[in-house]
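Worksheet for the structure shown next.
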Amino acid sequence: MAAHTVGRVARPRSYLMCPPDHFTVDYSINPWMEPGRPVDTPLAQAQCTALRDVLRGLGHRVELAPPRPGLPDMVFTANAATVIDGRVLVASFRHRERAGESAAFERWFRLRGYRPVRRAGEANEGEGDHLLAGGVILAGHGPRSDPGSHPETGGYFGRPVVALRLVDPRYYHLDTALAVLDGREIMYLPGAFCAESLNRLRDLFPDAIEADDEDAAVFGLNAISDGYHVVLPAAASRLAGRLAERGYQPVPVELGELLKAGGGPKCCVLELRAGPGPSRPGPS
Ligand code: ARG
Numbered sequence: 001m002a003a004h005t006v007g008r009v010a011r012p013r014s015y016l017m018c019p020p021d022h023f024t025v026d027y028s029i030n031p032w033m034e035p036g037r038p039v040d041t042p043l044a045q046a047q048c049t050a051l052r053d054v055l056r057g058l059g060h061r062v063e064l065a066p067p068r069p070g071l072p073d074m075v076f077t078a079n080a081a082t083v084i085d086g087r088v089l090v091a092s093f094r095h096r097e098r099a100g101e102s103a104a105f106e107r108w109f110r111l112r113g114y115r116p117v118r119r120a121g122e123a124n125e126g127e128g129d130h131l132l133a134g135g136v137i138l139a140g141h142g143p144r145s146d147p148g149s150h151p152e153t154g155g156y157f158g159r160p161v162v163a164l165r166l167v168d169p170r171y172y173h174l175d176t177a178l179a180v181l182d183g184r185e186i187m188y189l190p191g192a193f194c195a196e197s198l199n200r201l202r203d204l205f206p207d208a209i210e211a212d213d214e215d216a217a218v219f220g221l222n223a224i225s226d227g228y229h230v231v232l233p234a235a236a237s238r239l240a241g242r243l244a245e246r247g248y249q250p251v252p253v254e255l256g257e258l259l260k261a262g263g264g265p266k267c268c269v270l271e272l273r274a275g276p277g278p279s280r281p282g283p284s
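Using full-length UniProt numbering, read the sequence shown as starting at 1 and increasing by one per residue.
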């Protein structure tokens with residue numbers, strides 16, 4: 001699908017999602033999670049299905065990994081792996097509560113024919129902390145991924161890694177504080193980064209949208225962009241206005257049930273950047 005405005009073109013993408021059939025909040029590994037607070041699993045399922053339909057409606061392919069009982073955060077597939085040029089680096093989770101997801105997702109990638117598939121050696125929470133901007137991998141670290149994982153990530157994908165230290169516990173994955181809109185155009189929350197990382201971002205992306213706390217607190221930066229459409233939480237209406245001024249088309253979605261676990265739209269999708277050639281997985 002080729003929706004455009006002046007200079008903005010949507011490129012079709014492939015995403016992996018996982019239905020939240022076993023979604024609950026029974027443990028707390030980020031400040032948003034309050035075990036004991038009721039979670040409406042059917043509502044979470046409906047919100048995820050709506051997100052899937054929005055993405056398909058925009059012309060993107062969405063594949064589904066089977067959810068596993070006992071792994072309530074599997075819905076956040078952004079943390080499953082990083083996939084670039086068809087190469088898969090499966091996550092190694094910081095917290096034991098999510099550790100079982102690695103084997104489940106690794107199996108999915110192998111069965112789907114991805115090669116090569118490697119399990120990260122150090123704490124590395126996949127695309128939640130590794131966003132591709134132009135040719136560069138922006139790598140969040142601190143709360144979850146370990147900076148010791150960066151040489152492996154850079155070497156495996158043959159790309160430079162820009163390390164960004166996250167300092168606000170509410171924004172514990174890079175994709176909660178920064179979104180890549182198109183190529184080297186990004187939006188982010190300055191206060192989520194240490195001073196040195198912030199200088200680096202300002203140097204590399206002088207035209208970025210700097211979001212404010214209100215935008216970030218409703219997970220407005222947890223957005224999915226295809227270069228033109230930007231899918232983001234409906235509550236982030238001011239940020240949506242700023243995106244529209246820049247020629248993007250904001251697409252609001254409601255994922256409030258997932259926010260109880262500290263997740264938003266981007267957390268629920270992993271981009272499958274398949275490489276050319278015979279190892280490219282077929283359509284679902
Ligand atoms: N409850 C999950 C966790 O704390 C939420 C993960 C959100 N994922 C993301 N890519 N930000 O790990």
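Glycine residues also receive a C-beta, built at the ideal position from the N, C-alpha and C atoms.
Since we're looking at a predicted model, the values are computed, not measured.
Asked                                                                                                                                                                          : Found
How is the beta strand (DSSP E) around serine 237 delimited, first residue to last?                                                                                            : That residue, serine 237, is in no beta strand (DSSP E); its alpha helix (DSSP H) goes 237 to 245.
With DSSP collapsed to three states, give me the class of aspartate 182.                                                                                                       : strand
Is it buried or exposed, arginine 118, if we count other Cβ atoms within 10 angstroms and call 16 or more buried?                                                              : exposed
So for glycine 140, helix, strand or coil by DSSP?                                                                                                                             : strand
Could you check what DSSP says for asparagine 124 in three-state terms: helix, strand or coil?                                                                                 : strand
Given this structure, state the Cα-to-Cα distance separating glycine 113 from arginine 68, to the nearest angstrom.                                                            : 21 angstroms
For my contact list, phenylalanine 109 and valine 88 are in at a C-beta cut-off of 8 angstroms; report their separation, rounded to the angstrom.                              : 5 angstroms
Which residues in the same chain have their Cβ closer than 6 angstroms to the Cβ of alanine 3, if we skip the five residues on either side of it in sequence?                  : Interpretation of alanine 3 is limited by its pLDDT of 47, a score under 50 that renders its predicted location unreliable; no figure is taken from the coordinates.
Taking the beta carbon of proline 42 as the centre, do at least 16 other beta carbons fall within 10 Å, making it buried, or is it exposed?                                    : exposed
With distances taken from CA atoms, which of Gly140, Phe105, Val180, Arg94 is nearest leucine 232?                                                                             : Val180
At a cut-off of 6 angstroms, is aspartate 26 close to the ligand ARG when judged by its beta-carbon and the heavy atoms of the ligand?                                         : no
Tell me which same chain residues have a C-beta within less than 8 angstroms of the C-beta of alanine 78, skipping the five on either side of it?                              : Gly126, Glu127, Gly128, His173, Asp175, Lys266, Cys267, Cys268, Val269, Leu270
Report yes if the CB atom of glutamine 45 is closer than 7 angstroms to the CB atom of leucine 255, and no otherwise.                                                          : no
Would you check if the distance between the CB atom of valine 83 and the CB atom of methionine 17 is smaller than 7 angstroms?                                                 : no
Please specify which runs of the beta strand (DSSP E), each continuous and at least 3 residues long, are wholly inside the stretch 41 to 71, giving them in chain order.       : 61 to 64
Compute the Euclidean distance between the alpha carbons of isoleucine 29 and histidine 95, then round it to the nearest angstrom.                                             : 7 angstroms
Would you say leucine 243 reaches chain D, if we count a Cβ-Cβ gap shorter than 7 angstroms as a contact?                                                                      : In the structure shown, chain D does not exist; there is a single protein chain.
Check each candidate in Pro38, Ala261, Ile224 and name the one with the smallest Cα separation from arginine 56.                                                               : Ile224
By the 10 Å Cβ neighbour count, where 16 or more other Cβ atoms means buried, how is glycine 183 classified, buried or exposed?                                                : exposed
Can you tell me whether proline 72 is buried or exposed? The criterion is at least 16 other CB atoms within 10 Å of its CB, across all chains shown.                           : buried
Using only the alpha-carbon positions, how far apart do valine 218 and threonine 24 sit?                                                                                       : 20 angstroms
When we look at the beta-carbon of arginine 98 and count the other beta-carbons within 10 Å, is it buried (16 or more) or exposed?                                             : buried
Provide the residue span of the beta strand (DSSP E) that contains alanine 163, from first to last.                                                                            : 161 to 165
Can you give me the C-alpha to C-alpha distance between proline 66 and serine 149, rounded to a whole angstrom?                                                                : 28 angstroms
Considering only heavy atoms of the ligand ZN, does any lie closer than 6 angstroms to the CB of alanine 78?                                                                   : Ligands present in the displayed structure are limited to the ligand ARG, and the ligand ZN is not among them.
So, for proline 38: in the same chain, excluding its five sequence neighbours on each side, which residues have a beta-carbon less than 8 angstroms away from its beta-carbon? : none
For the alpha helix (DSSP H) containing proline 151, name the first residue and the last one.                                                                                  : 150 to 157
Quick one, which of Pro20, Ala192, Arg170, Tyr171 has its alpha-carbon nearest arginine 52's?                                                                                  : Pro20
Which residues in the same chain have their Cβ closer than 8 angstroms to the Cβ of threonine 49, if we skip the five residues on either side of it in sequence?               : Pro19
Given a threshold of 16 other Cβ atoms within 10 Å of its Cβ, counted over all protein chains shown, does proline 143 qualify as buried or as exposed?                         : buried
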